[in-house]
Structures are given as structure tokens and as C-alpha cells.
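Single-structure report; data block below.
Numbering (mature numbering (1 follows the signal peptide of the UniProt record, and there is no 0)), first residue to last: -27 to -1, 1 to 247.
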């Protein structure tokens, strides 16, 4: 019986091998073509760039541009022509931390489009204002006009679309992930810039935000530039713009700010079709 089973197995193996040999081998250039022009499993498609990562994911990977590491304001300039006519930064620098002070915000000297942005911030403790919107209020203005709200949201009865992690005046955060005042918090922001053509908005901006590692905005469409108590709308602008940090009059502290450019990744054109 054992011999019969072995013979049967051998016959099946030989039959499968013969069938495989009889099938014509499909050349790689016959693999189906994706909508972007590349073929499935195309070995000529450029491989992703190798990036060195740190043990702590909050630290910048090797392809990031460091905007603030505690050593100075080299990547920044004053954002207000009124308060910083020569681009001077009005904020404080102490113990490796920048602190909002004086008048006027700051903006990056470089301009950006699609990005991954990491920053850490802490609201004052004790908080400096009794009104809900005066507790550690600041903001990250992507492309200088689309605001992600920074604020002390711990046990703070603020309006929903003005809470920390909100697309200000548009979309509240999905949850309140705020820590206590004075504790360091993190934002990881993934931003896709809007697209314009012929003076019209072809595609809105989109933003995904992690607050302290918790998803609070999930590919949220941005309805237009941030305005207080007004409906947002788009005005066409260049595809690269500075990042602005808001001065709302509260001594918010910030540290460890870095950005990765995401423009044109995975969009390399496929070779001309055969």
C-alpha cells in the first residue's frame, strides 16, 4: 500500500511539472499595466529611497528638513511686516525651546507643498486666560493660510471647530486627545496641497492629523483659507508656501519641529508604452 501511494504521488508530481512546462512563460513586459502606466511587479520601476530612521519615531528621519532643534531660529523669520519689518523673530529661545512672545507670528524661510510635519508643543501652566479660546491658543498655518488649531483643550469648554486639532472654523477633531496644561504634546500632520487651474480650484487641500498619536483628522478636505467667523473659500496661489506659526498672545512653547516634502513621490512617469 505504501508503494502504491508513493507511485501515485510521483505521478501527480510529474503531471504537474509537465503541465507547467507546457504553459507559455509570460514575459515581464506582458504583465498587466496599471492606470499610472507602470506594469504590475515591474522590476524597472524605481525603488523607494532608503531612509534612516531613529529609535524614537518623534525624531526626524534622514530625509527630513529640521526646522527647529533647539539651537536657534535659522529656519524662521518674523511673519508680520508690521512687527518684524526686517524679518526678525520676536519669540523667545531658552533651554532648547521656542516660546511665543512679543507680537507677530513666525514663518519658515523655505516654502512647501505636500508635507509631513512633526512638532511638539505645550500650553502654559497655569493657563493665562479664563475665556476658552484664550487658553494656550496658537495654530499651525499650512501654506500660511490653512490652520490646524493649537490650544489647551484639557477640560476646556471651547467651541468644537476651534478645539485643538481642528481645521479651524471648519472641522472639529474626531476626539479630544489633549494632555494637561504644561505637558508636552505632539502633532503629526500629513498635508496635500490644493490644486488650481485657470483660476479655479481643481482639487481641495486634504489633511490628516495625529494628536499625541491619536487620529483626529482623517484625510479631511479643507474648505478654504482659515477665517474667523467667516465661510472659508479658496483663492488660487502658488504650489509652495511657508509654514506659519501663530502668535495669539499666549506663551505656548514649541520644540522638535521637522518636515518631509512629499511632492512627486510615487509619481515618477512610466516609460513610453511599447
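For every residue, glycine included, the Cβ atom is placed at its ideal position computed from N, Cα and C. This structure is a prediction, so every number in the text was calculated from the model and none was measured.
Could you give the residue range of the beta strand (DSSP E) that holds residue i?
i	result
residue 50	49 to 51
residue 179	178 to 184
residue 94	88 to 95
residue 161	158 to 165
residue 71	70 to 72
residue 192	187 to 195
residue 122	119 to 123
residue 112	111 to 115
residue 229	226 to 234
residue 67	65 to 67
residue 148	Run containing residue 148: none; DSSP gives neither H nor E here.
residue 40	38 to 41
If you check the beta carbons only, do residue i and residue j fall under 7 angstroms apart?
i	j	result
residue 167	residue 154	no
residue 214	residue 163	no
residue 159	residue 93	yes
residue 123	residue 111	yes
residue 207	residue 197	yes
residue 119	residue 195	yes
residue 216	residue 81	yes
residue 190	residue 175	no
residue 212	residue 86	yes
residue 130	residue 108	no
residue 169	residue 205	no
Who are residue i's beta bridge partners in DSSP?
i	result
residue 170	173
residue 81	49
residue 214	85
residue 140	121 and 144
residue 6	12
CA-CA distance, residue i and residue j?
i	j	result
residue -5	residue 186	Confidence at residue -5 is low in this model, with a pLDDT of 46, below 50, so the placement of that residue should be treated as unreliable; the coordinate-derived value is given next. If you take the alpha carbons of residue -5 and residue 186, they lie about 51 angstroms apart.
residue 141	residue 40	23 angstroms
residue 156	residue 30	19 angstroms
residue 137	residue 245	48 angstroms
residue 219	residue 113	7 angstroms
residue 38	residue 51	19 angstroms
residue 42	residue 60	20 angstroms
residue 68	residue 74	15 angstroms
residue 13	residue 23	22 angstroms
residue 150	residue 4	46 angstroms
residue 95	residue 226	5 angstroms
residue 97	residue 201	23 angstroms
residue 66	residue 183	26 angstroms
residue 47	residue 70	14 angstroms
residue 57	residue 77	7 angstroms
residue 64	residue 224	9 angstroms
residue 55	residue 62	12 angstroms
residue 234	residue 115	13 angstroms
residue 100	residue 27	34 angstroms
residue 16	residue 243	12 angstroms
residue 45	residue 83	16 angstroms
residue 161	residue 91	5 angstroms
residue 203	residue 134	13 angstroms
residue 18	residue 72	46 angstroms
residue 127	residue 10	49 angstroms
residue 188	residue 144	14 angstroms
residue 147	residue 49	31 angstroms
residue 35	residue 79	25 angstroms
residue 6	residue 53	51 angstroms
residue 199	residue 21	35 angstroms
Is the CB of residue i under 7 angstroms away from at least one CB in chain B?
i	result
residue 213	As a matter of chain content, chain B is missing from the structure shown, which is built from one protein chain.
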